[in-house]
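So the number in the working numbering is just where the residue sits in the sequence shown, counting from 1, plus 1097.
First the structure, in the form of C-alpha cells, and then the observations on it.
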Amino acid sequence: MQAVNLGRVIDDIRRNRNMTVEMLCEGIISPSAYSRFVSGKTFLASDSFMKLVFRLHMTFAMFLQDHLDFFRIKHHYAMLNNAKGYDNLALVQQLIGDYQARYTAAQKKSKTNEAWQVHDERFLMVATALAKQLSESPDRQKYLEEYQEHMLQCKSLSDNDFFGVKLLLPYMTLKDAEAVVKKPLKQLTDLKEPGLAENLYYVCGILYIKHLAAGQPKKADRYYKMLDEIFLDSLDLGWKLSRKLYQTIHLYFTGEEDRAVDQINKLSVFFSDLNLSHQSRFIAQTCRELNIPHQELEASK
C-alpha cells in the first residue's frame, strides 16, 4: 500500500484557499523545504506541520476531514476515469447514486450540510455530465454547459478539480475548453514545482491535441512546451507513456513522419499486450483526429 503524502493534502488545501506558497510558509519553513515536503522527499517536524495547518485556518480535526475527503474523492475520480475508458456507464451511475444518497443523508443530519462540501457537489456535477455524454443523452449539452459555467467561477483548481476537467474537456469545443482553463493556467508560475497538480499534465495534453486538430500549430506548440516543462514523477509509468505519445505526435508534425508512425504503432501494441485496450483506443482515436497513419488493432476499433 502506498504511503499517504500529507504534503500533497496540505498543498491541495492551500490551492483551494487561493493561498501562495510564500503566504503559507512565511515564518514557519522555507518554500524549498515545503516543496520537498509536498513531493514526499522529506517529512516535517510535528510543530511545523501543525503551524501550517493553523495557517490554513483549520483545526487538526478539520484537516483530518479534508484529508479523508481528498483521498476518497481522488479515488472516485479514478473510478470515473476507468469507467470512461471502458464505456462503463453503470459504474458512473452507481457513483452518482452514492453521492445523491450522501447529499440526502447530509441534509437530514445537519442543517448546515457540513457533511456535504463543495468538492462533493463538484464531483456529482462531473459524474452527471459524464453519464449524459456516455449515454449520448439529448440533454447532454445542457449538463456540460452547467459544469462549464460553474468552473468559470473558480479562481483556482485543486488536482481533483483538474481531474474533473480532464474527464470532460474532450467533449467541449476548443473555445469552451480554453475558457475553462484560462484562469487556472494564468496562475501558474513554476511548471517544475513538484507539488503541481498532476492532472494539469493531462489537461494540457488534451488542449495540445485539440489545437492540432483545429489546424492551430502555434497555439498547440504553447501547450507542447508546457507538457515538456511540467514536473513529472520519474517513477510514474503512466506519465512516462503519455509523454512518449505527445513527443511522438510532435515528431510527426515536425517532419519525422515515418519514425513517428513506427513509434505510435509500437505504443499501441505495447498497450494491447498489457490488455489496456482503452489506451490503444485512445491512441487510435487521437491518430484519426490528427490524420496520422496508424496500425488499427482489433481492440482499438
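Cβ atoms here follow ideal geometry from the backbone N, Cα and C, with glycine treated the same way.
As the structure is a prediction and not an experimental result, all values here were calculated from the model.
Between residue 1326 and residue 1288, the C-beta gap is smaller than 8 Å, which places the two residues in contact. Residue nearest to residue 1130 within the set 1281, 1352 and 1149 is 1149 (criterion: CA-CA distance).
Taking residue 1114 as the centre and dropping the five residues before and after it, the same chain places the C-beta of 1153 and 1154 closer than 8 Å to its C-beta, in chain order. In the assembly as shown, residue 1183 is an exposed residue. Its beta-carbon has fewer than 16 other beta-carbons within 10 Å.
Counting along the chain, residue 1213 sits inside no alpha helix (DSSP H), nor does DSSP assign it H or E at all. For residue 1266, there is no enclosing alpha helix (DSSP H), since its DSSP letter is neither H nor E. Burial state of residue 1261 is buried, judged by a 10 Å Cβ sphere holding 16 or more other Cβ atoms. If you look at residue 1326, you'll find it in the alpha helix (DSSP H) that goes 1314–1326.
Of all alpha-carbon atoms in 1269, 1295, 1266 and 1254, the one lying nearest the alpha-carbon of residue 1283 is that of 1254. The Cβ atoms of residue 1304 and residue 1274 sit closer than 8 Å to each other. Judged by pairs of C-beta atoms under 8 Å, the stretch 1357–1375 touches the stretch 1386–1395, as three or more such pairs exist. For residue 1384, the enclosing alpha helix (DSSP H) covers residues 1374–1387.
In this structure residue 1263 is in contact with residue 1300, their Cβ atoms being roughly 5 Å apart against a cut-off of 8 Å. In the structure shown, residue 1122 adopts helical secondary structure according to DSSP, grouped into three states.
From the listed residues 1312, 1323 and 1328, the smallest Cα separation to residue 1295 is found for 1328.
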